[in-house]
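S.K.: Residues 6 to 157 in our numbering are what the sequence shown lists, from first letter to last.
Just so you know, even glycine gets a beta-carbon here, dropped at the ideal spot from N, CA and C.
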Amino acid sequence: MKEKVHMQDGTMPDANSRGWQPFLMEHGLQKEAKLNAQCKGFKCAPGATSCCCHCVLYNQLDFKTKKSLLEKACKARGFHAMFRPKFHCKLNFLEQCWGTSKHIYCMNPVSSKEEDLKHNIIAGLDSISLNVMQKYVFIIILKINLVSNAFT
Ligand SMILES: [Zn+2]
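Encoded structure:
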């Protein structure tokens, strides 16, 4: 699934402008372009929509409603794509399963035969039982609770 996407022509109103400001000014948001580029650590106040350039841009309707190529490809094939929040891989259930599967795959003898590779891939994927998945979910919930409690 490869699709070329050409960027639209843009203009830089001021050669000295940097960051988000030129894009906001291009869209007629001169007042907002004077805000800070982003809140400290990209942690805007809950519900804020115009505290910083990042937040203003993120809340623009055309930005929010833009579908990714993956979403478009899934929809065209009749699938509904679900996107999970971006967390560290150690807090992502699928990454944990995938990591274990790759580990099992790598423990097999090296081979260049397609049949062996296919067998090893399937063995790696099959090694993730429902019980293992449940353990990963439990561990991730524990980690999230530990971190959450550390900041309260
Ligand atoms: Zn902000």
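Q3: buried (16+ other C-beta within 10 angstroms of its C-beta) or exposed?
M.R.: Residue 3 falls outside the range modelled here, since the chain spans only 6 to 157, and no answer is possible.
S.K.: Quick one: residues in its chain with C-beta nearer than 7 Å to the C-beta of W25, no 5 flanking neighbours on either side, listed in chain order?
M.R.: A42, C58, H59, L62
S.K.: Leaving aside the five residues before and after S132 along the sequence, list all residues of the same chain whose C-beta is less than 8 Å from its C-beta, in chain order.
M.R.: Excluding positions up to five away in sequence, the list reads T105, S106, I109.
S.K.: Pick out the complete beta strand (DSSP E) segments inside the segment 15-66, 3 residues or longer, and give them in chain order.
M.R.: none
S.K.: To the nearest angstrom, how far is the alpha carbon of A38 from that of F28?
M.R.: 8 Å
S.K.: So, helix, strand or coil for K9, using DSSP?
M.R.: coil
S.K.: Under three-state DSSP, which class holds L147?
M.R.: helix
S.K.: Straight-line CA distance for L96 to I126?
M.R.: 24 Å
S.K.: Is it the case that the CB of Q65 approaches a heavy atom of ligand 1 more closely than 7 Å?
M.R.: no
S.K.: For a test of the three-state rule: what should DSSP assign to V152, helix, strand or coil?
M.R.: Of the three classes helix, strand and coil, the one that applies to V152 here is helix, per DSSP.
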